[in-house]
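Trainee: Using our numbering, the first residue of the first sequence is number 1142, and each one after it goes up by one. Glycine included, every Cβ here is placed at the ideal spot set by N, Cα and C. In this text the structure is predicted, and so the values were computed from the model without any measurement.
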Amino acid sequence: MKIATWNVNSIRARAERVEEWLDRSDVDVLAIQETKAQEKNFPYEIFDFMGYEVAHFGLSQWNGVAIASRVGLEDVERTFAGQPSFAKPGDTPVQEARAIGATCAGVRIWSLYIPNGRGLEDPHMAYKLEWLKELRSNVDSWLSADAQAQFALVGDWNVAPYDHDVWDIDYFREHQMTHVSEPERDAFFAFMNKSGLSDVVRPFTEGEYTYWDYTKLRFPKNEGMRIDFQLYSPALTQRVKSAHIDREERKGKGASDHTPVVVEIAD
DNA sequence: ATGACTGTTCCGAACAGA
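See below:
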């Protein structure tokens, strides 16, 4: 079984590319982030046509996550327990469309779009860190209920865990950029070090990126970042056969700025 | 080429991404 995650940066703008990619990638489950669509605008027909069931969670033109599967799609959950809300001062707090879970062929899949911290001192950074903390508390409760649980947390984590996960760490430090700060990295590594999950893609793809900014010719120069991950529970990690990052999909006109990350597990 | 982006909203400037 193949499980993929892909931040598509608008499902409507990317409809044709998503359909073509599903056709050639032969994945069984695709976790999607940044659909940028409300429910009524989601192009369900693409997935019907390609033989996938799909569950979407979208509240506005921002965020939006989905899971498409051709091996079953059960027990869909929108938001995780205790998922933090965000509100601008004076506005009503809202749980944003950043997490959707479903069980596909016995594997619990979560498609996740971790908040962008925006700036090291920005209120969104505290939101991001709290969001990761609450997510990990769910992981701990799932594993304490069943140490053999098979689940996958996949998506756009908006964290570059190691210095070599960005093209030039000095550039990031000089510009006081997010994604590489110690608190963000601590929050990310806690999923491995404290909760026992595994980044199952890195061993097969070290040195590769998953994202390249549209500006400044970042892709042709291969000035990218590794920020999209698949983190698996211990029992699911045992089933991993291989993984790859589909750099080809970033090429050409009309590509997303992120590219798909694919894992194959034993049936 | 001495700079070079993409998307949504409801028609053009604001916002967001990272």
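Going straight from the alpha carbon of Arg-1277 to that of Val-1217, what length do you get?
Mentor: Cα-Cα distance, rounded: 19 Å.
Trainee: Count Cβ pairs between the region 1373 to 1380 and the region 1331 to 1341 that sit closer than 8 Å; are there 3 or more?
Mentor: They touch, by the three-pair rule.
Trainee: Evaluate contact between the region 1221 to 1231 and the region 1147 to 1165, counting only Cβ atoms and requiring at least three cross-stretch pairs below 8 Å.
Mentor: As far as the Cβ criterion goes, the region 1221 to 1231 does not touch the region 1147 to 1165, which means the pair count is below three.
Trainee: Use the C-beta contact count for Asp-1333: other C-beta atoms within 10 angstroms, 16 or more gives buried, fewer gives exposed.
Mentor: The identity of residue 1333 in the sequence shown is Met, whereas the question assumes Asp. Per the 10 Å Cβ criterion, exposed.
Trainee: List, from N- to C-terminal side, the alpha helix (DSSP H) runs of 4 residues or more that fit wholly inside the region 1281 to 1344.
Mentor: Listed in chain order, they are 1310 to 1315, 1323 to 1334.
Trainee: In chain order, what residues of the same chain lie with their CB nearer than 7 Å to the CB of Phe-1183, ignoring the 5 residues before and after it?
Mentor: The answer, listed in chain order, is Ile-1152, Thr-1176, His-1197, Gly-1199.
Trainee: Could you check the C-alpha separation between Gly-1205 and Leu-1273 for me, to the nearest Å?
Mentor: Cα to Cα, Gly-1205 sits roughly 17 Å from Leu-1273.
Trainee: Between Phe-1292 and the rest of its own chain, which residues show a CB-CB distance below 6 Å, the 5 nearest in sequence each way excluded?
Mentor: Here the set comprises Arg-1249, Ser-1374.
Trainee: Is Val-1217 helix, strand or coil when you go by DSSP?
Mentor: Residue state, collapsed to three classes: strand.
Trainee: Out of Asp-1408, Ile-1406, Arg-1391, Glu-1405, point me to the one whose CA is closest to Trp-1162's CA.
Mentor: Checking every option, the nearest Cα to that of Trp-1162 belongs to Arg-1391.
Trainee: From Pro-1324 to Leu-1253, what distance separates their C-alpha atoms?
Mentor: Cα-Cα distance, rounded: 19 Å.
Trainee: Check Ile-1353 in the structure and name its three-state DSSP category.
Mentor: The question names Ile, but residue 1353 in the sequence shown is Trp. Trp-1353: coil per DSSP, three-state reduction.
Trainee: So the alpha helix (DSSP H) Arg-1259 belongs to, where does it begin and stop?
Mentor: Per DSSP, Arg-1259 belongs to no alpha helix (DSSP H) and is neither H nor E.
Trainee: Below 7 Å CB to CB, which residues in the same chain sit around Gln-1202 once its five sequence neighbours on both sides are set aside?
Mentor: Within the same chain, Gln-1202 has close Cβ partners Lys-1177.
Trainee: DSSP on Met-1366, reduced to helix/strand/coil?
Mentor: Three-state result, Met-1366: strand.
Trainee: Are there 16 or more other CB atoms within 10 angstroms of the CB of Asp-1369, so buried, or fewer, so exposed?
Mentor: Buried: at least 16 other Cβ atoms inside 10 Å.
Trainee: Quick check: Ala-1238 and Ile-1187, are their CB atoms within less than 7 Å of each other?
Mentor: For Ala-1238 and Ile-1187, no; Cβs fall outside 7 Å.
Trainee: Under 7 Å between the Cβ atoms of Val-1170 and Cys-1245?
Mentor: Closer than 7 Å, so yes.
Trainee: Just how far apart, CA to CA, sit Glu-1275 and Arg-1158?
Mentor: The alpha-carbon atoms of Glu-1275 and Arg-1158 are separated by roughly 34 Å.
Trainee: Hey, out of Phe-1221, Ala-1222, Pro-1256, whose CA is closest to Gln-1174's CA?
Mentor: Checking every option, the nearest Cα to that of Gln-1174 belongs to Pro-1256.
Trainee: Considering only the beta carbon of each residue, do Ile-1241 and Arg-1219 sit closer than 7 Å?
Mentor: In this structure, Arg-1219 lies closer than 7 Å to Ile-1241 by Cβ.
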